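Trainee: Before we start, here is the structure in question, set down as structure tokens.
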Amino acid sequence: MSLDWLDRNVTTCAYLWRLEREDGVALGFTSHDRDLVVDAFRYRSAPGMVPSSIALSDSLDIDNVEIEGVMTSAAIAETDIADGRWDGALLYVSLINWEQPSAEPLPLICGEFGEIVRSGDSFTVEMLGATSFLNEPIAPLTSPTCRAEFGDSQCKLSLHRHQRECRITLINGDEIGIDALAGVASEFVFGSLRVLDGFNCGLSYAIIDGQEDVVRLADRLSPSVAVGTRVLLTEGCNKNFATCRDRFANSINFRGEPYLPGNDLLTRYPGA
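Numbering (my numbering), first residue to last: 52 to 323.
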């Protein structure tokens, strides 16, 4: 890769941002004053998007960076951020010679979206680089409840067996009526409701309570979700050992220590 264009007296370099959401939507932006097409992918001109300083090294230092910009309805809508569509999105930042967009760009950093902070019409996104995950603990901490997520590789239960496709029959604030539940809404507490129709297709909402055929969500549904919309309900687990053993018969995969003495044992004394 020839990088002689970086040493010119007059700069011809421009930043490229490629964003890929979990639902498959991909967007491209460039700091150049005109759109650029690189590898048959169009990067829209967005001079208002500015990265913080980026330092490249071969060390294991945490390579986080912040991206600032202005939200537009055609690209990154405020409603999409509020609905969580950009949570965990992948971001690739590179540098390119805009005089030769067909040449290979210089990769700078890649990672996923971290915290998104909004202020009026602007936003700031923290991007977590690959080495940021080195901050995670090597060994799990002990806990009386299960550390696994319901249906993941540690839980080993098949989510398909604990999901049900239904339709919305009632919307009353955060209370959602569901057909064909047969009075077992309580089984979906701590689970999720995923919208399968319309503009909000793919969005998931946490279920915090349920009685008979009505589930209660942690957040209200988008106003565009109407009665009759298809949804996918996934059962939940309160992560207690008794639930894992009696309800799911999965105690062999319980990732917790329910009978490990806690700190209270050290404070006990005769007569307490």
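Note that the Cβ used here is the ideal one computed from N, Cα and C, for glycine as well.
Here the structure is a predicted model, which means the values were calculated and not measured.
Rounded to whole angstroms, what is the Cα-Cα separation between Asp90 and Cys64?
Mentor: For this step, residue 90 is matched to residue 39 along the sequence shown. For this step, residue 64 is matched to residue 13 along the sequence shown. Roughly 17 Å separates the two Cα atoms.
Trainee: Would DSSP call Trp137 helix, strand or coil?
Mentor: Stepping through the sequence shown from its first residue, residue 137 is reached at position 86. In this structure, Trp137 counts as coil in the three-state DSSP scheme.
Trainee: Please go through the same chain and pick out, in chain order, the residues whose beta-carbon is closer than 6 Å to the beta-carbon of Ser124, but skip the five residues on each side of it.
Mentor: Residue 124 sits at position 73 when you count from the first residue of the sequence shown. Summary for Ser124: the model assigns pLDDT 42, below 50, so the residue's position carries little reliability, and this model does not support an answer.
Trainee: Helix or strand or just coil, what does DSSP make of Ser209?
Mentor: Indexing the sequence shown from 1 puts residue 209 at position 158. Three-state DSSP puts Ser209 in coil, outside helix and strand.
Trainee: Identify, in the order they occur along the chain, each residue of the same chain with its Cβ nearer than 7 Å to the Cβ of Gly287, setting aside the five sequence neighbours on each side.
Mentor: For the purposes of this step, residue 287 is taken as residue 236 along the sequence shown, with counting starting at 1. The answer, listed in chain order, is Phe201, Phe239, Val240, Phe241, Gly242, Ile258.
Trainee: Can you give me the start and stop residues for the beta strand (DSSP E) that Arg267 sits inside?
Mentor: Sequence index remark: in the sequence shown, residue 267 carries index 216 (1-based). Arg267 -> beta strand (DSSP E) spans 265-268.
Trainee: Buried or exposed for Ala133, going by 16 or more other Cβ atoms inside 10 Å?
Mentor: Within the sequence shown, the letter at position 82 stands for residue 133. Label assigned to Ala133: exposed.
Trainee: With burial defined as no fewer than 16 other Cβ atoms inside 10 Å of the residue's Cβ, what is the status of Thr81: buried or exposed?
Mentor: Working through the sequence shown from its first residue, we reach residue 81 at position 30. That one is buried.
Trainee: Can you tell me whether Leu192 is buried or exposed? The criterion is at least 16 other CB atoms within 10 Å of its CB, across all chains shown.
Mentor: Position 141 of the sequence shown, counted from the start, is the residue given in the question as residue 192. Exposed, since its Cβ has fewer than 16 Cβ neighbours within 10 Å.
Trainee: Determine contact between the segment 295-303 and the segment 230-237, defined as no fewer than three beta-carbon pairs at a distance below 8 Å.
Mentor: Judged by Cβ distances under 8 Å, the segment 295-303 makes no contact with the segment 230-237, as fewer than three pairs qualify.
Trainee: Measuring CA to CA, which of Arg306, Gly261, Asp225, Ser237 is closest to Val276?
Mentor: Within the sequence shown, numbered from 1, the residue matching residue 276 stands at position 225. Of the candidates Arg306, Gly261, Asp225, Ser237, the one whose C-alpha sits nearest the C-alpha of Val276 is Asp225.
Trainee: Using 10 angstroms around the beta-carbon of Val144, count the other beta-carbons present and answer buried if the total reaches 16, otherwise exposed.
Mentor: Within the sequence shown, numbered from 1, the residue matching residue 144 stands at position 93. Looking at its Cβ environment, which holds 16 or more other Cβ atoms inside 10 Å, Val144 is buried.
Trainee: Hey, which unbroken runs of the beta strand (DSSP E) at 3 residues or more fall wholly within the segment 190-241?
Mentor: Listed in chain order, the complete beta strand (DSSP E) runs (minimum 3 residues) inside the segment 190-241 are 214-223, 226-229.
Trainee: Please report the distance separating the alpha-carbon of Glu150 from that of Asp86.
Mentor: Here the question's residue 150 lines up with position 99 in the sequence shown. Here the question's residue 86 lines up with position 35 in the sequence shown. If you take the alpha carbons of Glu150 and Asp86, they lie about 12 Å apart.
Trainee: If you draw a straight line from the alpha carbon of Arg72 to that of Phe305, how long is it in whole angstroms?
Mentor: Indexing the sequence shown from 1 puts residue 72 at position 21. Indexing the sequence shown from 1 puts residue 305 at position 254. Approximately 32 Å, taken between the alpha carbons.
Trainee: Just grab the DSSP bridge partners of Arg59 for me.
Mentor: Counted from its first residue, the sequence shown places residue 59 at position 8. The partner list for Arg59 (beta bridge, DSSP) is empty, contrary to what the question assumes.
Trainee: Give the DSSP-derived three-state secondary structure of Phe92 in the structure shown.
Mentor: Along the sequence shown, one-based indexing puts residue 92 at 41. If DSSP states are grouped into helix, strand and coil, Phe92 belongs with the strands.
Trainee: Excluding the 5 residues flanking Pro294 on each side, which residues of the same chain have their C-beta closer than 7 Å to its C-beta?
Mentor: Residue 294 sits at position 243 when you count from the first residue of the sequence shown. Sequence check: residue 294 is Thr here, not Pro. Only Cys288 meet the Cβ criterion.
Trainee: Here's the rule I'm using: 16 or more other beta-carbon atoms within 10 Å means buried, otherwise exposed. How should Arg59 be labelled?
Mentor: Your numbering for residue 59 matches position 8 in the sequence shown. Exposed.
Trainee: Hey, is Ala233's beta-carbon within less than 8 Å of any beta-carbon in chain C?
Mentor: Among the chains of the structure shown, chain C does not appear; only one protein chain is present.
Trainee: Cys295 lies in the beta strand (DSSP E); which residues open and close that run?
Mentor: The count along the sequence shown starts at 1 and reaches residue 295 at position 244. Element bounds for Cys295: not the beta strand (DSSP E) but the alpha helix (DSSP H), 292-297.
Trainee: Let's see if you can read the secondary structure: which residues bound the beta strand (DSSP E) around Ile303?
Mentor: As a position in the sequence shown, residue 303 is number 252, starting the count at 1. Premise fails: Ile303 is in no beta strand (DSSP E) and is neither H nor E.
Trainee: Looking at the structure shown, is Thr130 part of a helix, part of a strand, or coil, going by DSSP?
Mentor: Taking the first residue of the sequence shown as 1, we reach residue 130 at position 79. The answer is helix: DSSP assigns Thr130 an H, G or I state.
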